[in-house]
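As structure tokens, the structure follows; a few thoughts come after it.
Residue numbers (full-length UniProt numbering), protein chains in the order written: chain U, 1 to 324; chain R, 1 to 457; chain V, 1 to 283.
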């Protein structure tokens, strides 16, 4: 694939994304916003999974942390945007820094279990500490800040553009990170932790930084989540949500960040589309997931990069190699 | 297996997805055309509620009630064929807004029935305030504020509020059953708080002394420690009021029987959802004698109710209950209103005016009409569980007519809403503290009047 | 106080039997069977149906166990074997089965919560002075002891047990020695399913049977086996006792942090002693 056609594709995609609120229906735009904030969670998941090979089930917990911080601050009228959002990010950074120290001590199935339990701890506090979090009632009535509600050509689609630009920025930054020397070191850890230690790298610090970055991305997703939905409820961060992020990650391919975004788009679209036809859509999603796990374990991206051209592209994007 | 087969297996679901997506897109296009030409005689009505997971019953049953009402009119309103679009909210507030947005934007629905749980209800009320062009008629949600502090013109509830159904039960428990001190076990969230509040008001204002509240998490695994506590305080209290619903009620009753609590408390009282039909099917015979109060009872012996229960059983092969009734009644209100306005769903204002002016006198629950906040004013029945032909059944033993959501506080609506939201600690646990709070909002005059009349008129 | 301790012990018995099937599949097959809760619930629902037709509790337990064992067999034979050896994929397969099964059960048995009736003999409490203990809780305590003992004997005192333990340590060597280790593992997974099924019927009598119960049971089972050590039965007993006590004292004194208190020790164990209090662990 040559440079020119690549740029043509980029331009078409970019123009389409920019024009979405005007050429597609209102519903499509709303769905895009949802897909974008859920995709940020998928990016957070895939970053850890693809770079150090760690499967984290605590991603929604960080969405919950920042969402709850904003919801609590704003419904009690203590702080408002942008200070509440800043406070949320600070809380996420702090908690992920602490969790990260602990999570670093384990790997493989233990890491999955530990992140599962850590996520459940956050969920348990959100659900049971009713005097602060309002428990299973959830916190209701968080309004979108004016800064995210500007009009574009008369249409109230500011939120879409804010989240779109944030999303593109984050994905670009994360992809750049995976190609940096930092990303190389992480991949080194994924391949052989002991070799990296032998080479003198401070492996646990590198892993800690990666964990915090991943949590930060999930935390940013939480900011958009709570402002868009206006409601913060413990069910947003329960076991189901962890499973959804995991399923999306597997759908797209565990070793690919773009794949995770694709996977999340598929899962979200499926849920919305199937829901209109049948109440038993979970059976269909479950069966598709089963088929993917058994017959296409590398997910969607795994199939795509079997193609020769796509593979070179893939290697370049995700493995950080120059043209193969 | 070869690689081609792998491709094949992966392609199948993908093609499937694409097919559905295209089908959807075509549907949407069709709708657009219809709006333009108004040639095809079809109208869409949305229904939202939990259809999966632990609260599935609340959505599914409302859905079945709606289906029955539509079946009775041959699925046609004012010459239009009705297309009912059902969305699953998973009892999750985030999913609920997704569902509401889907119905509103994708299916271009102007009338939505649902949701069915308390927390969803409050989220729906907040959504309704932002979408004034959509009429929302809650399924089974009973959160008081949806039609009080957070009321909006486009949200009308043909159902109940957590406090409305139980004010007079408090009076009944004191006046008729003669209890002065009650121990209440409740789930710690908004709906049971509303119920506790309504009960306490009726109970204290008519002479009750104390309602000792024990709050617990929803879905707790085991009731042992609560049974122990109830047993240790059994000398101080006359009866236990179980303030919950659904799965927790069955679990509570299981533990109650295991611990032989009938020995310590001869009388068990129930919140509105406690003596629901699905629960009566699961509990042991000792459940006989439980009192509760509701805006519907399956044993009401007028023609409409008999007919409703028979038709419902024929259609769905199960017993109708309060949830199904509410889906049914809500749909019928919408049908009647649309018949009058000629089937135009887009003029929500005309539709709400029509509904607000409506007096329904042929509902299975009796008659009802709407107050200025959009909440049904209706009869409240005091029910006792009795053994009839070897089956547990509710029997109406007393009726309080035309109870509004403000119960006894008619004319004091503003003062009522000045009070804080109902919570675990408000209103208070003893009559003494309660009257101190009451004076602050309703004035000494109101309390003097209560004393003079020895309770409510 | 004494009552709370006794509640804690009966709770521990319940948690132990909930976790025992999961522990078996984890210990021997190294599968984190996320469908365990769904299998439990499936057994409970089958037991409920049998109970409403035959009114025999014993039959309900047996049929519930057998039906679940059959389901476990299908799961192992048709799905898990395809991904054998890949821990993550095995876990994901069980996760997808759990999602599918949960929804299928709503289709078959509906969404209403139910409770399985149990014999008169076990109804009501046993009153000893100030102490009141439900007979059913005592039955569960006895049931837990019997199951625990039988499993311990199976693994430590029989030839099959020896093969299994050897197979866990060195799969290829045992296979090379001519034992059909695959068959042994399959039968162990089926046994784990059987246990999940019978516990489902017993648990469904004590607790409730309703959708979402599967995830709740799975969470508690995971807590027990992580705390006690995956694959260690002694560890499960100790972990169940710890959790039972936390549950019972927690719900009395600090209800707002009861779940938090249950999760935190498990997180600490995972951090400082990932193999659990008594586990041999797996690599």
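Idealized CB from N, CA, C, for every residue including glycine.
Since the structure is predicted, the reported quantities are computational estimates derived from the model, not experimental observations.
Per DSSP, the bridge partner or partners of residue i
| i | result |
| --- | --- |
| residue 381 of chain R | R:294, R:399 |
| residue 472 of chain R | Since the first and last residues shown for chain R are 1 and 457, residue 472 of chain R lies out of range. |
| residue 147 of chain R | Partner(s): none; residue 147 of chain R has no beta bridge. |
| residue 368 of chain R | R:360, R:378 |
| residue 187 of chain R | R:216 |
| residue 125 of chain V | V:134 |
Neighbour list for residue i in chain B, Cβ cutoff strictly below 7 Å
| i | result |
| --- | --- |
| residue 106 of chain R | The displayed structure is made up of protein chains U, R and V, and chain B is not among them. |
DSSP-derived helix/strand/coil call for residue i
| i | result |
| --- | --- |
| residue 170 of chain U | helix |
| residue 130 of chain V | coil |
| residue 473 of chain R | Nothing in the structure corresponds to residue 473 of chain R, since chain R is present only between 1 and 457. |
| residue 1 of chain V | coil |
| residue 129 of chain U | coil |
| residue 153 of chain U | coil |
| residue 215 of chain R | strand |
| residue 241 of chain U | helix |
| residue 156 of chain V | helix |
| residue 32 of chain R | Low confidence applies here, because residue 32 of chain R scores a pLDDT of 41, under 50, leaving its location unreliable; read the following figure in that light. Helix, per DSSP. |
| residue 33 of chain V | coil |
| residue 319 of chain R | coil |
| residue 179 of chain V | coil |
| residue 44 of chain R | strand |
| residue 262 of chain V | helix |
| residue 243 of chain R | strand |
| residue 177 of chain R | coil |
| residue 270 of chain R | strand |
Nearest to residue i (by Cα), restricted to the options the options
| i | options | result |
| --- | --- | --- |
| residue 163 of chain V | V:172, V:150, V:181, V:153 | V:181 |
| residue 143 of chain V | V:14, V:277, V:7 | V:14 |
| residue 390 of chain R | R:104, R:420, R:287, R:247 | R:287 |
| residue 64 of chain U | U:17, U:167, U:184, U:231 | U:231 |
| residue 267 of chain U | U:244, U:189, U:12 | U:244 |
| residue 117 of chain V | V:72, V:125, V:48, V:80 | V:48 |
| residue 33 of chain V | V:129, V:140, V:248, V:214 | V:214 |
| residue 190 of chain V | V:26, V:16, V:256, V:209 | V:26 |
| residue 126 of chain U | U:208, U:145, U:62 | U:62 |
| residue 466 of chain R | R:406, R:452, R:214 | For chain R, the structure presents residues 1 to 457; residue 466 of chain R sits outside this window and is missing. |
| residue 175 of chain R | R:294, R:398, R:85, R:217 | R:398 |
| residue 179 of chain V | V:192, V:197, V:159, V:195 | V:159 |
8 Å Cβ cutoff, residue i in contact with chain U
| i | result |
| --- | --- |
| residue 219 of chain V | yes |
| residue 267 of chain V | yes |
| residue 89 of chain V | yes |
| residue 35 of chain V | no |
| residue 51 of chain R | yes |
| residue 86 of chain R | yes |
| residue 95 of chain V | yes |
| residue 263 of chain V | yes |
Within-8 Å CB hit, residue i to chain V
| i | result |
| --- | --- |
| residue 312 of chain R | no |
| residue 216 of chain R | yes |
| residue 234 of chain R | no |
| residue 228 of chain R | yes |
| residue 297 of chain U | yes |
Beta carbon proximity, residue i to chain R, threshold 8 Å
| i | result |
| --- | --- |
| residue 132 of chain V | yes |
| residue 140 of chain U | yes |
| residue 216 of chain V | yes |
- Task: Could you tell me whether the segment 40-48 of chain R touches the segment 78-94 of chain V, using the rule of 3 or more Cβ pairs below 8 Å?
- Result: no
- Message: I want to know whether the segment 263-282 of chain R touches the segment 131-149 of chain V - three or more CB-CB distances under 8 Å.
- Response: no
- Do the segment 103-115 of chain R and the segment 129-146 of chain R meet, that is, are 3 or more Cβ pairs less than 8 Å apart? yes
- Task: May I ask you to verify whether the segment 161-173 of chain U touches the segment 98-107 of chain U, counting CB pairs closer than 8 Å and requiring at least 3?
- Result: no
- Item | Meets three-Cβ-pair contact criterion under 8 Å: the segment 312-322 of chain R and the segment 348-355 of chain R | no
- At a cut of 8 Å, does the segment 10-26 of chain U reach the segment 85-93 of chain R through at least three beta carbon pairs? no
- Query: Hey, is the segment 167-177 of chain V in contact with the segment 40-56 of chain V, meaning 3+ C-beta pairs nearer than 8 Å?
  - Reply: no
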